[in-house]
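Shown next, in structure tokens, is the structure this report addresses.
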Amino acid sequence: MIQLGQEKKSGITNKHHFQVDCFNQVFDWLLQELDSRFNETTTQLLVCSAAFNPRDSFHDFNMDSLISLAKLYPSDFDFVQLRDLNSELFHYIGDVRQDDRFLNIKTIAELSKKWWTQRNILPILWFIGY
Numbered sequence: 234m235i236q237l238g239q240e241k242k243s244g245i246t247n248k249h250h251f252q253v254d255c256f257n258q259v260f261d262w263l264l265q266e267l268d269s270r271f272n273e274t275t276t277q278l279l280v281c282s283a284a285f286n287p288r289d290s291f292h293d294f295n296m297d298s299l300i301s302l303a304k305l306y307p308s309d310f311d312f313v314q315l316r317d318l319n320s321e322l323f324h325y326i327g328d329v330r331q332d333d334r335f336l337n338i339k340t341i342a343e344l345s346k347k348w349w350t351q352r353n354i355l356p357i358l359w360f361i362g363y
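In structure tokens form, the structure reads like this:
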């Protein structure tokens, strides 16, 4: 902790200390807490699922993350399905980015509802999304 009168010696103000140094310590603590509560597979599941985020025309869409997500389910995706997934995802993202029905979707829940009402989602994407 910075004591009064030290800010001139170190060049760090109390404001900087609380806005940056304390923030970093709290952030590190939160990351350690999350790491202790979730195993590697669960963490990977959460990170890969974020690739479905439909905001900003699917800006965060990431085919590699979605393929990694499918690999977490080896009994549900065989070699051929995993091989074909890259092509299916490529066509899927092109289609939804051009389809006005998907334009204003902001959450994964809204995306799931849209998939359900459209009923034209690829079976492999349907499984990953649920």
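The numbers in the sequence shown follow my numbering, run straight up by one, and end at 363. Ideal Cβ positions, reconstructed from N, Cα and C, are used throughout, including at glycine.
For a test of the three-state rule: what should DSSP assign to residue i, helix, strand or coil?
i, result
"residue 338", "coil"
"residue 318", "helix"
"residue 308", "coil"
"residue 333", "helix"
"residue 363", "Note that residue 363 has pLDDT 48, beneath the 50 cutoff, so the model's placement of it is unreliable and the number below is only indicative. Residue state, collapsed to three classes: coil."
"residue 233", "As shown, the chain starts at 234 and ends at 363. That puts residue 233 outside it, with no answer to give."
How would you label residue i, buried or exposed, when you count the other beta carbons within 10 angstroms and need 16 or more for buried?
i, result
"residue 307", "exposed"
"residue 267", "exposed"
"residue 322", "buried"
"residue 279", "exposed"
"residue 310", "buried"
What whole-angstrom Cβ distance do residue i and residue j have, given they're in contact under 8 Å?
i, j, result
"residue 330", "residue 282", "Incorrect: roughly 19 Å between the Cβ atoms, too far for contact."
Answer yes or no: do residue i and residue j have a C-beta to C-beta separation smaller than 8 Å?
i, j, result
"residue 295", "residue 284", "yes"
"residue 305", "residue 274", "yes"
Original post:
What are the uninterrupted segments assigned as alpha helix (DSSP H) that are 4 or more residues long and contained completely in the stretch 258-299, given in chain order?
Top reply: 273-282 and 288-291
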